[in-house]
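**Q** Position in the sequence shown counted from 1, then plus 32, gives you the numbering used here. We put the beta carbon where it would ideally sit given N, CA and C, even for glycine. Take this structure, written in structure tokens, and hold onto it; I'll ask about it next.
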Amino acid sequence: MQHPQLQQLTEMVKQAAVNEVRSRFQQTDSRKKLDGTLITAADLGCQQWLTDALKQAWPDIPLLGEEMTPAQHDQLLDNSDSGLWVLDPLDGTANFAAGFPHFSVSLALVQSGQVVQGVVYDPMRDECFSAEQGEGAWLNGARLELSPSETVLEECIAVVDFKRLSPTLATALAVEPPFRSQRSLGSVALDWCWMAAARGQIYHHGGQSLWDYAAGRLIFAEAGGTFSAPEVKVSLGKQPAVAAVSKQLHHLWRTWLERMDRSDD
């Protein structure tokens, strides 16, 4: 059963997503940030809504939001031992701006470099994924548990984002994929959650930010998934991710990726 704080967080995230994100879908314009990514009134409105709500409920825990400066990010993460909220107010902004109904709000609680609670809400499907470290993961209150799989790579649906992969690996995945079919849906937080719900069996992403993966990766791990990343603790640098719904598949998938990525050395 979810702890009371996690239940309170899920309600906060859902209310913010409905009020500030879903209500603006196909109703607002986007603009480019300095890094070339998009931002909308929904990003800013949701971040402000949750900043205010979290500060009222837990005034001693600061918040690190995607729409802050790098200097603010560094300062907050350096002082996170006593607790830090990590928020992506709209994960999948490009989808949102294009009218593609696949995006989410992601909130995680970090303590001493570890994610201890996470909530990811998809306002278009009314699907709320949540997890608590060591306690399990849930989808709309029902426990998520991945079963040990004997599936071979050839039978898998792969969730793969090609943007930050090496040309060698991207070509191999496109020309001679080891899996049945591939998806790339544009919301890292939902990638992890859909993997936790066994909607894909193997996963690869070339580089994702802390606010993208913090909550979703905890949900996937608590559901029983296996992943590898260069750092177990959260960090501000972009992290690649390799994951699978079972240890066996993870080993096969990671071995294939490593072999193909160095095939032209």
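(1) Count the other C-beta atoms from every protein chain shown that fall within 10 angstroms of the C-beta of S52, then say buried if there are 16 or more, exposed otherwise.
(2) Could you check the C-alpha separation between V220 and R196 for me, to the nearest Å?
(3) Give me the Cα-Cα distance between A275 and S136, rounded to the nearest whole angstrom.
(4) Reducing DSSP to helix, strand and coil, say where A255 ends up.
(5) Could you tell me whether any Cβ in chain B is nearer than 7 angstroms to the Cβ of I93?
(6) Under a three-way DSSP split, which group does F128 fall into?
(7) My output table needs one value for A261: the three-state DSSP class, helix, strand or coil.
(8) Exposed or buried, A190, counting other C-beta atoms within 10 Å across all chains shown (16 or more means buried)?
(9) Please identify the residue among A228, L82, H282 and G218 whose C-alpha is closest to the C-alpha of A174.
(10) Identify, in the order they occur along the chain, each residue of the same chain with its Cβ nearer than 6 angstroms to the Cβ of Q149, setting aside the five sequence neighbours on each side.
(11) Kindly examine the ligand MN and report whether one of its heavy atoms sits closer than 6 angstroms to the Cβ of D75.
(12) Hey, out of W170, A253 and A246, whose CA is closest to E98's CA?
(13) Could you name the residues of the same chain whose beta carbon sits closer than 7 angstroms to that of A255, not counting the 5 residues immediately before and after it, in chain order?
(14) Could you tell me which of L289, A230, H237 and R63 sits nearest to F128, measuring between CA atoms?
(15) When the Cα atoms are used, what is the spatial distance from Q80 to A261?
(16) What residues match up with C160 in a beta bridge as DSSP calls it?
(17) Enumerate in chain order the residues of its own chain whose CB-to-CB distance from D193 is below 6 angstroms, with the five nearest sequence positions on each side excluded.
(18) For A48 and T60, which I take to be in contact (beta-carbon distance under 8 angstroms), what is that distance rounded to the nearest angstrom?
(19) Report back the beta-carbon spacing between C225 and V152 to the nearest angstrom; my notes put them in contact at under 8 angstroms.
(20) Please classify Q107: does DSSP put it in a helix, a strand, or coil?
(21) With a 10 Å radius around its C-beta and 16 neighbouring C-beta atoms as the bar for buried, classify L41 as buried or exposed.
(22) For D113, I'd like the list of residues in its chain whose CB is within less than 6 angstroms of its CB, leaving aside the five on either flank, ordered along the chain.
(23) Closest to P121 by CA distance: which of F132, L95, Q146 and A103 is it?
(24) Roughly how many angstroms separate the alpha carbons of L108 and V118, rounded to a whole number?
**A** In brief:
(1) Indexing the sequence shown from 1 puts residue 52 at position 20. Here residue 52 is Glu; the residue named in the question, Ser, does not match the sequence. Counting Cβ neighbours within 10 Å, E52 comes out buried, since at least 16 surround it.
(2) Position 188 of the sequence shown holds residue 220. Position 164 of the sequence shown holds residue 196. If I take the Cα positions, the gap works out to 13 angstroms.
(3) Against the sequence shown, residue 275 aligns to sequence position 243. Against the sequence shown, residue 136 aligns to sequence position 104. Whole-angstrom Cα-Cα distance: 20 angstroms.
(4) Taking the first residue of the sequence shown as 1, we reach residue 255 at position 223. Here DSSP, grouped into helix, strand and coil, assigns A255 to coil.
(5) Among the chains in the structure shown there is no chain B, since it carries only a single protein chain.
(6) Residue numbering aside, residue 128 sits at position 96 when the sequence shown is read from its first letter. DSSP places F128 in helix when its eight states are reduced to three.
(7) In the sequence shown, the residue the question calls residue 261 occupies position 229. DSSP places A261 in coil when its eight states are reduced to three.
(8) By one-based count along the sequence shown, residue 190 stands at place 158. That one is buried.
(9) Sequence index remark: in the sequence shown, residue 174 carries index 142 (1-based). Looking at the Cα atoms, A228 is the closest of the given residues.
(10) Mapped onto the sequence shown, residue 149 falls at position 117. Hits under 6 angstroms: L38, L141 and E164.
(11) Questions concerning the ligand MN fall outside what the structure shown contains, since it holds no ligand whatsoever.
(12) Here residue 98 is taken as the residue at index 66 of the sequence shown, counted from 1. Checking every option, the nearest Cα to that of E98 belongs to A246.
(13) Taking the first residue of the sequence shown as 1, we reach residue 255 at position 223. Cβ neighbours of A255 beyond the five flanking positions: A169, L176, E177, L178 and A228.
(14) Numbered from its first residue, the sequence shown carries residue 128 at position 96. The residue with the shortest Cα to Cα distance from F128 is R63.
(15) As a first step, residue 80 is located in the sequence shown; it is residue number 48 there, counting from the start. As a first step, residue 261 is located in the sequence shown; it is residue number 229 there, counting from the start. Near 31 angstroms, if we compare the C-alpha coordinates of A261 and Q80.
(16) Sequence index remark: in the sequence shown, residue 160 carries index 128 (1-based). Y153.
(17) By one-based count along the sequence shown, residue 193 stands at place 161. Excluding positions up to five away in sequence, the list reads S216 and H237.
(18) By one-based count along the sequence shown, residue 48 stands at place 16. By one-based count along the sequence shown, residue 60 stands at place 28. Between the beta-carbon of A48 and that of T60 there is about 16 angstroms, and that puts the pair past the 8 angstroms contact cut.
(19) As a position in the sequence shown, residue 225 is number 193, starting the count at 1. As a position in the sequence shown, residue 152 is number 120, starting the count at 1. About 5 angstroms; that satisfies the 8 angstroms criterion.
(20) Sequence index remark: in the sequence shown, residue 107 carries index 75 (1-based). The answer is helix: DSSP assigns Q107 an H, G or I state.
(21) As a working note, residue 41 is residue 9 in the sequence shown. Buried, because 16 or more other Cβ atoms sit within 10 Å of the Cβ of L41.
(22) What you label residue 113 is simply residue 81 of the sequence shown in a count that begins at 1. Excluding sequence neighbours, D113 sits near S144.
(23) Position 89 of the sequence shown, counted from the first residue, corresponds to residue 121. Closest option to P121, Cα to Cα, is L95.
(24) Counted from its first residue, the sequence shown places residue 108 at position 76. Counted from its first residue, the sequence shown places residue 118 at position 86. Between the C-alpha atoms of L108 and V118 there is a straight-line separation of about 10 angstroms.
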